[in-house]
Amino acid sequence: MSDLTAEVLKQSELNTADEASICALYQRYYESCAGSVASDLREKDYVIVLRDQSGTVQGFSTVLLIKFSFGGIQRSAIFSGDTVIHHDYWGTQALSLSWCEFAGTIKAADPEQPLYWFLIVKGYRTYRYLPLFSKVFYPNRRYQTPPEVQMMIDYLAKSRFGDSYYAEQGIVRFPESRGHLREQWADIPARVQNHPDVEYFLERNPDYNTGDELVCFTELSEDNLRSYALRAFTKALF
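Under the working numbering, the first residue of the sequence shown carries the number 544, and numbering increases by one thereafter.
Laid out in structure tokens, this is it:
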């Protein structure tokens, strides 16, 4: 298995061939029409593209930058859209490290402005990035979300998803699924079924396999990031 290289592209820089490869890769793992994948791509600001040594697209993650005011303070959030890595490369670090470096460049552009990671999670693998990246994140099995943080989460989720956001559950449920894992990829391997974070994800999002998405949130700051993410994040800060 060859190493992957990551490239951050503005959405407008994505060529037709790469867009087709991204759509095909997404549909390999998710029940979704090509049109919905293309629509997600076009509404985002950036795409992190993973390629193998031959240049073939083996993974991607779409990114939208959100500027907002809450509590009288100007803030920013990185919203993660569709994210897929070919299963041959599960466990590799190219995407996660590139994402953290990208987040660091956003923070470096305005170091004093709070920056957050705002995402909706279709599966347990993505949820497990939160404890890998952050010391404090929400929702979390270890503690309740503080009311002021929950208000900010609700504000962002309601602004973006409207009536598809169910605040009491912390779930985004679209009238029609916008993409859910194909059956062969939705099953959770026995080796991780009893992991506390996996159990918690299933408790909070029991219908993930039909398209429900769990709203998650964490601050991207030097104080809150764990060493794995912090090294990449701070490259752009100094």
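Virtual Cβ for every residue (Gly too), placed ideally from N, Cα, C.
C-beta contact flag for residue i and residue j at 7 angstroms
| i | j | result |
| --- | --- | --- |
| Arg747 | Pro674 | no |
| Glu756 | Lys665 | yes |
| Ser702 | Phe717 | no |
| Phe744 | Phe661 | no |
| Ala775 | Thr648 | no |
| Val758 | Gly705 | no |
| Leu607 | Asp625 | no |
| Leu715 | Ile663 | This sequence places Val at residue 715; Leu is not what is there. Yes, they are a contact pair. |
| Tyr659 | Glu586 | no |
| Glu574 | Arg671 | no |
Rounded distance between the beta-carbons of residue j and residue i, thought under 8 angstroms
| i | j | result |
| --- | --- | --- |
| Pro739 | Arg684 | 6 angstroms |
| Ser641 | Ile565 | That belief does not hold up - the Cβ atoms of Ser641 and Ile565 are roughly 15 angstroms apart, past 8 angstroms. |
| Gly602 | Leu547 | 7 angstroms |
| Ala637 | Ala549 | 5 angstroms |
Assigned exposure category for residue i - 16 Cβ within 10 Å defines buried
| i | result |
| --- | --- |
| Thr605 | buried |
| Val627 | buried |
| Glu765 | exposed |
| Val735 | exposed |
| Ser623 | buried |
| Leu768 | buried |
| Ile616 | exposed |
| Ser677 | buried |
| Asp583 | buried |
| Gly614 | exposed |
| Asp509 | Missing from the structure shown is residue 509; the chain here goes from 544 to 781 and no further. |
| Asn737 | exposed |
| Ser612 | exposed |
| Glu562 | buried |
| Met695 | buried |
| Asn558 | exposed |
| Ser555 | exposed |
Run of the alpha helix (DSSP H) containing residue i, from where it starts to where it stops
| i | result |
| --- | --- |
| Phe704 | Pro690 to Phe704 |
| Thr548 | Run containing Thr548: none in the alpha helix (DSSP H); it sits in the beta strand (DSSP E), Thr548 to Lys553. |
| Ser675 | The identity of residue 675 in the sequence shown is Leu, whereas the question assumes Ser. Its alpha helix (DSSP H) spans residues Tyr672 to Phe676. |
| Glu742 | Pro739 to Arg747 |
| Val735 | Ala733 to Gln736 |
Residue span of the beta strand (DSSP E) that contains residue i, given as start and end
| i | result |
| --- | --- |
| Tyr659 | Leu658 to Val664 |
**Length-filtered (3 minimum) beta strand (DSSP E) runs lying within the region 577-637** = Within the region 577-637, the complete beta strand (DSSP E) runs of at least 3 residues are 589-594, 600-613 and 616-628.
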